[in-house]
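A quick write-up on the structure given underneath.
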Amino acid sequence: METHISENQQIASDGTSDVSVMENDINVEFSVNLDVYQGPFDALLGLLARRSLDLTELSLCEITQEFLDFVQTLDMNRNIDTVSAFIDVASILIEAKSAALLPHTESSDHDEQTLQALRDRDLLFARLLQYKAFKEAGNNFRERLAANSGFFPHHAVVTEQVASMLPELQWSTDAFDLARLAARALMNAPPEEVSLAQLHVPQVNLQAQAAMIRERLMSAEGDACSFEDLICDATSRLEIIARFFAVLVFFKQGFVQYRQAGPFASLSLRWVAKHTDGAALPVDAGDFA
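Using the working numbering, the letters of the sequence shown map in sequence onto residues 89 to 377.
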């Protein structure tokens, strides 16, 4: 049996309703203010899912910075799920935008790359719709909890008249029976195995690729090297991307100058730092983030 207490009757110690406090937590919403869109973050995801807005037009850096400012105003004990959901969705958007910004070559595998890009885009939309469905389900649970927060169980007592009508309990199981049941359950239990599926060895050593780029540029002794020469022995696309990131890091540090006549033209690079400036300077993994 349950008894309901109305919202007016259920008052917290500070004079506010527990239901209203919960509803205030539910209404916490993150909004963004960008050049191409201003409004709630969830509505932005809806535009992306309906393909009404191009993902490449969004500045994910600005969205992340605004969310960090938004997090400072949250109670992490109550809104940790909001932060977790944003991290999950942000990782999906970064992955999809990176795939969309990579240039396509005019080689024979252009059609295959196009099909892969379409599959990645459809996967992004499916994951956004899945995120929306789970968010709506979570909001539904919160609303139900808030609506039924005034109920509490009432433990009934069996009267003597009713107790006299109940049959006497006949306990026929002893300790040996329980031991046999436990042994049978443990015997059929699956072996304990720790899954290592989430662990993987990095496919490309970023530090090693950066050291190779630095050594080749310094060995040119001030002469220019083309980026094609730096990647001529690369065995995979990941190695090419890692070496290009290394060039960006060295340019950011002021060790490399580059020259390019136009988009997709040949990229010439020259090491301009002194040998003592960058020869032994390590490239940290955070430089590639």
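For every residue, glycine included, the Cβ atom is placed at its ideal position computed from N, Cα and C. These figures come from a predicted structure and were not determined experimentally.
Asked                                                                                                                      : Found
N- and C-terminal bounds of the beta strand (DSSP E) containing Ser147                                                     : No beta strand (DSSP E) contains Ser147, which DSSP labels as neither H nor E.
Residue(s) in a DSSP beta bridge with Trp259                                                                               : In the DSSP output, where bridge partners are listed per residue, Trp259 has none listed.
Proximity to Leu305 [Cα-Cα], best of Gln348, Pro128, Ser260, Phe343                                                        : Phe343
Any 3 or more C-beta pairs closer than 8 Å across the segment 282–302 and the segment 256–269                              : no
With 16 other Cβ atoms within 10 Å as the buried cut-off, status of Leu357                                                 : buried
Where Val250 sits in the DSSP three-state scheme                                                                           : helix
Val124 - containing beta strand (DSSP E), residue span                                                                     : Segment: none, Val124 is in no beta strand (DSSP E) and carries neither H nor E.
Environment of Ala285 [buried if 16+ CB atoms lie within 10 Å]                                                             : exposed
In chain order, each beta strand (DSSP E) run of at least 3 residues that lies wholly inside the segment 282–322           : none
Cut-off 7 Å between Cβ atoms - residues of its own chain near Glu327, not counting five sequence neighbours on either side : Val292, Gln297
Pairwise C-alpha distance: Ser354 and Glu316                                                                               : 8 Å
Continuous alpha helix (DSSP H) stretch holding Leu336: start and end                                                      : 325–341
Buried/exposed call for Trp259, threshold 16 Cβ in 10 Å                                                                    : exposed
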